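**Q** Going down the list, the sequences are from chains A and F. Taking the working numbering, the leading residue of the first sequence gets 81, the next gets one more, and so forth. Taking the working numbering, the leading residue of the second sequence gets 47, the next gets one more, and so forth.
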Amino acid sequence: MVEVKEQTDRSRVLSDGELASTVQQALEEARHFGATAAEASASAGAGLSVTARLGETETIEHHRDKDLSVTVYFGDRTGSATTSDLSRKAVRETVRAACTIARYTASDPCAGLADPKHMARDIPDLDLCRPWALTAEQAIDLALQCEDAARSVDPRIVNSEGATVSSHQGTDVYGNTHGFLGTVKATRHGVSCAVISQDDTGMQRDYWYTAARDSKDLEDVASIGRKAAARTLRRLGARKIRTQKADVVFEAPVASSLLSHFVNAARGGSLYRNASFLVGALGRMVFAPDVEIVERPHLAKCLGSAPFDDEGVATRDRTVVSGGRLEGYFLDSYAARKLGLETTGNAGGVHNLAIRTGGSSLPELLKKMDRGLLVTEMIGFGINIVTGDYSRGAAGFWVEHGEIQYPVEEITIAGNLGEMFRNLAEVADDVDSRSTLLTGSIWIPGMMIAGS
Amino acid sequence: MQTETLDQVRQSLLEPAGIGSNELDRTMSRMLNGGVDYADLYFQYGRHESWALEEGHVKNATRSIEQGVGARAISGEKTGFAYSDDLVVPALLEAASSARAIARQGGEGTAPVVWRKGVSLALYGDIDPLVTLADEDKVSLLERVERAARAMDSRVQQVMVSLAGSYEMVMVLRSDGLAAADVRPLVRMNVTVIVEQEGRREQGTAGGGGRTGYEFFVDQDRAFGYAREAVRQALVNLEARPAPAGAMPVVLGPGWPGILLHEAIGHGLEGDFNRKGTSAFANRLGERVASEHCTVVDDGTLSGRRGSLNIDDEGTPTQRTVLIENGILRGYLHDTLNARLMGHAPTGNGRRESYAHIPMPRMTNTYMLAGAQHPEEIIRSVKRGLYAVNFGGGQVDITSGKFVFSASEAYTIENGRIGAPVKGATLIGNGPDVLTRVSMVGNDMQLDPGVGTCGKDGQSVPVGVGQPTMLIDGLTVGGTEG
Numbered sequence: 081m082v083e084v085k086e087q088t089d090r091s092r093v094l095s096d097g098e099l100a101s102t103v104q105q106a107l108e109e110a111r112h113f114g115a116t117a118a119e120a121s122a123s124a125g126a127g128l129s130v131t132a133r134l135g136e137t138e139t140i141e142h143h144r145d146k147d148l149s150v151t152v153y154f155g156d157r158t159g160s161a162t163t164s165d166l167s168r169k170a171v172r173e174t175v176r177a178a179c180t181i182a183r184y185t186a187s188d189p190c191a192g193l194a195d196p197k198h199m200a201r202d203i204p205d206l207d208l209c210r211p212w213a214l215t216a217e218q219a220i221d222l223a224l225q226c227e228d229a230a231r232s233v234d235p236r237i238v239n240s241e242g243a244t245v246s247s248h249q250g251t252d253v254y255g256n257t258h259g260f261l262g263t264v265k266a267t268r269h270g271v272s273c274a275v276i277s278q279d280d281t282g283m284q285r286d287y288w289y290t291a292a293r294d295s296k297d298l299e300d301v302a303s304i305g306r307k308a309a310a311r312t313l314r315r316l317g318a319r320k321i322r323t324q325k326a327d328v329v330f331e332a333p334v335a336s337s338l339l340s341h342f343v344n345a346a347r348g349g350s351l352y353r354n355a356s357f358l359v360g361a362l363g364r365m366v367f368a369p370d371v372e373i374v375e376r377p378h379l380a381k382c383l384g385s386a387p388f389d390d391e392g393v394a395t396r397d398r399t400v401v402s403g404g405r406l407e408g409y410f411l412d413s414y415a416a417r418k419l420g421l422e423t424t425g426n427a428g429g430v431h432n433l434a435i436r437t438g439g440s441s442l443p444e445l446l447k448k449m450d451r452g453l454l455v456t457e458m459i460g461f462g463i464n465i466v467t468g469d470y471s472r473g474a475a476g477f478w479v480e481h482g483e484i485q486y487p488v489e490e491i492t493i494a495g496n497l498g499e500m501f502r503n504l505a506e507v508a509d510d511v512d513s514r515s516t517l518l519t520g521s522i523w524i525p526g527m528m529i530a531g532s
Numbered sequence: 047m048q049t050e051t052l053d054q055v056r057q058s059l060l061e062p063a064g065i066g067s068n069e070l071d072r073t074m075s076r077m078l079n080g081g082v083d084y085a086d087l088y089f090q091y092g093r094h095e096s097w098a099l100e101e102g103h104v105k106n107a108t109r110s111i112e113q114g115v116g117a118r119a120i121s122g123e124k125t126g127f128a129y130s131d132d133l134v135v136p137a138l139l140e141a142a143s144s145a146r147a148i149a150r151q152g153g154e155g156t157a158p159v160v161w162r163k164g165v166s167l168a169l170y171g172d173i174d175p176l177v178t179l180a181d182e183d184k185v186s187l188l189e190r191v192e193r194a195a196r197a198m199d200s201r202v203q204q205v206m207v208s209l210a211g212s213y214e215m216v217m218v219l220r221s222d223g224l225a226a227a228d229v230r231p232l233v234r235m236n237v238t239v240i241v242e243q244e245g246r247r248e249q250g251t252a253g254g255g256g257r258t259g260y261e262f263f264v265d266q267d268r269a270f271g272y273a274r275e276a277v278r279q280a281l282v283n284l285e286a287r288p289a290p291a292g293a294m295p296v297v298l299g300p301g302w303p304g305i306l307l308h309e310a311i312g313h314g315l316e317g318d319f320n321r322k323g324t325s326a327f328a329n330r331l332g333e334r335v336a337s338e339h340c341t342v343v344d345d346g347t348l349s350g351r352r353g354s355l356n357i358d359d360e361g362t363p364t365q366r367t368v369l370i371e372n373g374i375l376r377g378y379l380h381d382t383l384n385a386r387l388m389g390h391a392p393t394g395n396g397r398r399e400s401y402a403h404i405p406m407p408r409m410t411n412t413y414m415l416a417g418a419q420h421p422e423e424i425i426r427s428v429k430r431g432l433y434a435v436n437f438g439g440g441q442v443d444i445t446s447g448k449f450v451f452s453a454s455e456a457y458t459i460e461n462g463r464i465g466a467p468v469k470g471a472t473l474i475g476n477g478p479d480v481l482t483r484v485s486m487v488g489n490d491m492q493l494d495p496g497v498g499t500c501g502k503d504g505q506s507v508p509v510g511v512g513q514p515t516m517l518i519d520g521l522t523v524g525g526t527e528g
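1. For lysine 322 of chain F, which of helix, strand or coil comes out of DSSP?
2. Buried or exposed: which applies to asparagine 476 of chain F, given that a residue is buried once 16 or more other Cβ atoms fall within 10 Å of its Cβ?
3. Checking contacts by CB at 8 Å: is glycine 282 of chain A closer than that to chain F?
4. Since glutamine 203 of chain F meets chain A, which of its residues come closer than 8 Å, beta carbon to beta carbon?
5. Reducing DSSP to helix, strand and coil, say where valine 115 of chain F ends up.
6. Looking at the C-beta of glutamate 490 of chain A, does it have a partner C-beta in chain F at a distance below 8 Å?
7. Does glycine 439 of chain A come out as helix, strand or coil in the three-state DSSP assignment?
8. Nearest CA to the CA of glycine 114 of chain A: which residue from A/Ala182, A/Lys169, A/Ser164, A/Leu94?
9. May I ask you to list, following chain order, the residues of the segment 295-316 of chain F that have a beta carbon less than 7 Å from some beta carbon of chain A?
10. Whose C-alpha, out of F/Glu316, F/Asp359, F/Arg268, F/Gly245, is nearest the C-alpha of arginine 118 of chain F?
11. Relative to the C-alpha of leucine 383 of chain A, which candidate in A/Ser121, A/Arg514, A/Thr116 has its C-alpha closest?
12. Excluding the 5 residues preceding and the 5 following leucine 224 of chain A in the sequence, name in chain order all residues of the same chain whose CB lies nearer than 6 Å to its CB.
13. What would DSSP say about threonine 238 of chain F, mapped onto helix, strand or coil?
14. Quick check: the Cα distance between glycine 396 of chain F and methionine 449 of chain A, rounded to an integer number of angstroms?
15. Quick one: grab the DSSP three-state call for isoleucine 173 of chain F.
16. Under the rule that 16 or more other beta-carbon atoms within 10 Å means buried, what is arginine 230 of chain F, buried or exposed?
17. Less than 8 Å separating the beta-carbons of glycine 361 of chain F and histidine 420 of chain F?
18. What does a CB cutoff of less than 8 Å around glycine 125 of chain A pick up in its chain, not counting 5 residues either side in sequence?
19. What residues of chain A sit near glycine 389 of chain F, judged by a beta carbon separation below 9 Å?
20. Taking Cβ positions only, does glycine 250 of chain A come closer than 8 Å to chain F?
21. Mind checking if aspartate 172 of chain F is an interface residue toward chain A, Cβ cutoff 8 Å exclusive?
22. Just the chain A side, please: which residues come within less than 7 Å of histidine 529 of chain F by C-beta, in chain order?
23. For arginine 109 of chain F, which residues in chain A fall below 7 Å Cβ to Cβ?
24. Leaving aside the five residues before and after glutamate 490 of chain A along the sequence, list all residues of the same chain whose C-beta is less than 6 Å from its C-beta, in chain order.
25. Could you please give the first and the last residue of the uninterrupted alpha helix (DSSP H) stretch that includes threonine 364 of chain F?
26. Checking contacts by CB at 8 Å: is valine 207 of chain F closer than that to chain A?
27. Quick one, are the C-beta atoms of aspartate 327 of chain A and glycine 526 of chain A less than 8 Å apart?
28. Go ahead and pull the three-state DSSP assignment for tyrosine 413 of chain F.
29. Below 9 Å between beta carbons is the criterion; list the residues of the segment 499-530 of chain A that meet it against any residue of chain F, in chain order.
30. Using a Cβ-Cβ cut-off of 8 Å, state whether aspartate 181 of chain F counts as contacting chain A.
31. Spell out a yes or no on whether the segment 425-434 of chain F and the segment 365-383 of chain F are touching, meaning 3 or more CB-CB pairs, one atom from each, closer than 8 Å.
32. Interface residues of chain A around glycine 440 of chain F at Cβ under 9 Å?
33. Using 8 Å as the threshold, is the segment 476-486 of chain F in touch with the segment 252-269 of chain F, meaning 3 or more CB pairs across them?
34. Any C-beta of chain A within less than 9 Å: which residues of the segment 230-248 of chain F qualify?
35. Compare the Cα-Cα distances from glutamate 140 of chain F to each of F/Pro405, F/Val185, F/Met74 and report the closest residue.
36. Pull the bridge partners of arginine 319 of chain A from the DSSP assignment, please.
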């Protein structure tokens, strides 16, 4: 155990008031340079991240970041600039740089701030900021406990990539020349552990983690360690399977990637560029008939919650997919104007997208599938949003008679996202709350598995 | 060259911040108090810009400025790290104090470090690429490339062109007295087109860049070459049929398909994973890991290349490191920490994304040397298989050794002839044995056009890859046709 001096002034970052006045200064400078409209966002944050490996401290990292980004409009011409130096002089130079760029950009009738009528008026307190008075010494203690729990599970846990404990607190301020100024303070804490198992078949690695706004909501560190070990051990002896068509269940932690591909295909930037297989899909069936997907931006303490988006637009609960039919895209105000629609409050991303579960546990879902592949890890980027073509490396477990038989690796799974969504059979209730895309395990019938 | 660079960087980075040799001495001796074996400071200033065109117009562009200092203290295998984006003396001292808290305290003051100037290469000029072309000419170049791409085929529906440049100054000060600096230009251009025919949409993308100015894209007609290549790929994809599924012989084209090497073996040979024993290649130096046709190097000393560096981010000059020689594993890629702990020499591969990140062993330009065979001869030798010439990204699990990389342009091979184009598919294999199945290596070694970015532990750095045409006797192809 190393002696570590307590980091006393981790909170000595810019105050909310200082960030807000930085934003105000940027907007005033923009007006001064002749901009007809402007928006600015400033953020500051500080954090601690420690890793323990093989029973010893490995790294202690102190983070402290700040930045400002400014976008100016001269009529319908746009320019942007960012800086990590928030001194008055640097802010002025950054705004000047943005204004210079706007001299060279083309006029674009869709450019500009979001419509004032969409600005968030009452900003709800979503309970996103729960600071954790964690010293480096305490963090190391937790990391050591976590890793020790993992390494104590089984002698076949022979090595470790370590356990990491992290805590971060930050403030984001966004303002624009409609007079909107909003501040969001948020925290994020986490514990993760990755260990390595070995037997005469080779080495395997796997991990587990917990993440939350409030340290009280984190899963117990020993439990994280034990799960990391169990997941690593169960992969030992993995083999290739033969090339075949089969059903696939995506375990919840990887199933959220399917929702992320959906978001990518249904977001404004992909749609107005005609770069998506969901171009023109609004109002059409894009999922199986019983699929319901909603966005819930105001869930207290959730990792994806936000009272307003990156343009100050109020976020609100909405239905995105109902009865399998696409009811809404993910739009910022620029893409909305391009498509002749209204912004959906998704500038900067989605906020707690949730797919309705069918009420079965994962084991019950595997029973229903009877025979196929349970995918627990995927690697690679073989996703083509333009066509929906999908092909990724996978590892997981072969399922026969509804039961896991043996671990599988070095295979690919392939299909087309459009067909996969329309064929989606069921979502289990093992929702992974660590993601901003909330889903349980997803069963997709009839995918192509390539192996030996 | 290095002396001038060091003075130049000191003047533009440290002097305006009021950081002189007294302040540096104070900071370093604060970090070395008690129990710290090694410490370094990394000062960085960067200016970046990007210009993007879509629907015929440059609608927005952005400029950014970033600066800061990272302080690192190492005690045994333990690392303490802190950084500041304020370049002022109090922030510097505070970062130093936070970093050295990794070590047991005690012991007062060490003798001041005697600075010596490090050795550096001269692989690129100390130019600021952002001013190598007037802003109106950047806009005009993007517009001309867009018009050219549209004129190439009536099926072209969308053209997106981007141009990005960055100028970075870095300075490394180490507790062993080494002082080194580097000025790093980097430019990148990319063209993506979407074509449409009878309701079917496909895309193609091409680009390039290097450590140079924007004239790189005007020279040799490169910018318009990217447009031609993007349109060609997109039109090929319009004709593509579903890809086959299963294990088969795969011929990889020259150049960018070298990401196979980056994923399958490069990451697994990084010093940190091997010191910790978490790599499938750990403790295998001197063993056969590839067929005798394979010699693979990592070379940071190629002039002007995207993955090249005069010095790495710990001040060590880059070098050409032989990783695999005629199939035998010869070396790992090292930063100073892992080299010291393994008793090896550093190889100039200590890299970091920025001052706010801890250095790690990373690749530079990783490629396979040319073999003897004519590429056509290699294709002719395959009865039924896949010919893959363009790729998207890849990824590897370094512990199990399983890696993937995704083809974006591929063809079937039937009876030694290139057949129909097939849709993109992921290829999967096992790093420690995939190169043992390389049975033919072409005489057409090529480096990639300068497009690679490698991610590891959340840190991105520019890299290069390359290879000649090669035949792998069995690789699993993740298509949809059984």
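All residues carry an ideal CB built from backbone N, CA and C; glycine is no exception. Given the structure is predicted, the values throughout are model-derived calculations rather than measurements.
**A** So, from the data block:
1. Under the three-state reduction of DSSP, lysine 322 of chain F is assigned to coil, being neither helix nor strand.
2. buried
3. Chain F, which has a Cβ nearer than 8 Å to the Cβ of glycine 282 of chain A, makes this yes.
4. Asn354
5. strand
6. yes
7. coil
8. A/Ala182
9. Within the segment 295-316 of chain F, no residue qualifies.
10. F/Asp359
11. A/Arg514
12. Ala132
13. strand
14. 48 Å
15. coil
16. Arginine 230 of chain F is buried by the Cβ-count criterion.
17. no
18. Val93, His143, Arg144, Asp145, Lys146, His248, Gln249, Gly250, Thr251
19. Simply none; closest approach about 19 Å.
20. no
21. no
22. Residue 529 of chain F lies beyond the range of chain F shown here (47 to 528); nothing can be said about it.
23. Ala161, Ala177, Ile181
24. Lys320
25. Note, threonine 364 of chain F: premise wrong, no alpha helix (DSSP H); not H, not E.
26. no
27. yes
28. strand
29. Met527, Met528, Ile529, Ala530
30. yes
31. no
32. From the beta-carbon of glycine 440 of chain F, the residues of chain A found nearer than 9 Å are Ile459, Gly460, Phe461.
33. no
34. Thr238, Ile240, Glu242, Arg246, Arg247, Glu248
35. F/Met74
36. A/Val488
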